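Step one of this worksheet: look at the structure below.
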Amino acid sequence: MLEFKKISKEDLQAIIRNASERLGINEVIVEKDYWVCFVLNYLFTKSEWKDAFTFKGGTSLSKCYDLIKRFSEDIDLILDWQVIGYGKDEPWQSRSNTQQDKFNKESNLKAEDFLVNALIPQMRIDFANLIEDDFQISVDENDPQTVLFEYPTSLLIMMFKYLLLKDIYKLSDVDVVERSFSGMTFKYFLGLAPVIEPSSLTKFRKLRNKDERLLDLLIAKSVQIAIELGLIKSNILIVDATHTKVHYNHKKPQEVLRERSKALRKTIYQYSEYIKAEFPSKPQEDTLVAELRYTQELISVLEKHDELTGIPAISQNSITLKKL
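The sequence shown begins at 1 in the UniProt record's numbering and counts up by one.
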């Protein structure tokens, strides 16, 4: 059985750097995988509910069965429903569609209550005895059945470089990461062949919550100094136009809409699968007009169900889709 010792952020950084050099893998990925293993070790050996979780998903195929070779991003778990008050066979009882829909909503709410009032408070107490540096554990505001662990990263300079590129090029978290895979200017600036998870940037950006202007000021000042030193001529970086396409993956507007509507449907199905029958058929044409029409019809159906539109995770995805 693995035993994670309580070490400082500096010592962990040295270990991660050594592992990165030996494995030839980006430090950010090694660090994140370390914390994935740390949480897994806690959940299945030290947690009060260690026997109530079932490990599933791609991470389980990698960590438990060695069926795929990859570093991990998240942990997918199934919770034993007896923990939230149901009998062993109660969820399998026959119900009408309406009764089943009601049962699903009730069980989702009970699971969310368990996370907020039982699991997360206990994790905070236990992790405080295992980790020297500051960390945060919270529920994802867009998905109340997802727990976020903001681990104490030792790679703040790397995170800052990514955010600086993001600001200069006006890119999303996902796009700046994609361009770092093939963009030589990005690789040169970062000092390595970078591979980073978009969620890490979101996590790092939360560090500025106490003073929202601080990180923006730091980025702006860095650009200003670079211009004064002649390192860049303006806050727009020019690359050879003949090679522009290799730096990032172009997405058609209808592809963006399609991805957003898919995310909305996926969130809705967590609370009610029976609404699926009311949704419009997916467009056969790969055109913006067809995708816009489908999106409008999808939202129109959703807005007829007040019991769903009041759920924060669904409401947030719906608002995002409307803004597009």
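Backbone N, C-alpha and C fix where the C-beta goes; we use that ideal spot for every residue, glycine too. Quick caveat, the model's predicted, so the values are computed rather than measured.
**Asked** What residue ranges within the region 249-308 form continuous alpha helix (DSSP H) runs of no fewer than 4 residues, ordered along the chain?
**Response** 253-269 and 288-302
**Asked** For the 8 Å Cβ check, are there 3 or more pairs between the region 251-258 and the region 215-225?
**Response** no
**Message:** Assess contact between the region 277-284 and the region 308-323, defined as three or more Cβ pairs (one per stretch) separated by less than 8 Å. Is contact present?
**Reply:** no
**Item:** Span of the alpha helix (DSSP H), counted from its first residue to its last, around F103
**Value:** N97 to F114
**Request:** Determine the closest residue to V289 out of R95, K6, Q254 and F55, with distance taken between C-alpha atoms.
**Result:** Q254
**Request:** Buried or exposed for V32, please, with buried defined as at least 16 other CB atoms from any protein chain shown within 10 angstroms of its CB.
**Result:** Here the sequence assigns Lys to residue 32, which means Val is not the residue at that position. Flag for K32 reads buried.
**Asked** How big is the Cα-Cα spacing for Q99 and G183?
**Response** 54 Å
**Residue(s) in a DSSP beta bridge with Q136** = E150
**Message:** Which of the three DSSP states is assigned to L79 in this structure?
**Reply:** strand
**Asked** What residues in its chain sit with their C-beta under 6 Å from that of S272, if we drop five residues either side in the sequence?
**Response** D101
**Message:** Suppose contacts are defined by Cβ-Cβ distances below 8 Å. Is I137 in contact with I157 by that definition?
**Reply:** No, they are not a contact pair.
**Message:** Let's test the definition: count the other Cβ atoms within 10 Å of the Cβ of R179 and tell me whether it reaches 16, buried, or not, exposed.
**Reply:** buried
**Asked** Exposed or buried, what is N317 when buried is set at 16 or more other beta-carbons lying within 10 Å of its beta-carbon?
**Response** N317 sits buried, since 16 or more C-beta atoms from the chains shown fall within 10 Å of its C-beta.
**Request:** Quick one: give me the first and last residue of the beta strand (DSSP E) that T54 is part of.
**Result:** F53 to K56 is the extent of the beta strand (DSSP E) around T54.
**Request:** Quick one: grab the DSSP three-state call for Q93.
**Result:** coil
**Message:** Quick check on DSSP: helix, strand or coil for D143?
**Reply:** strand
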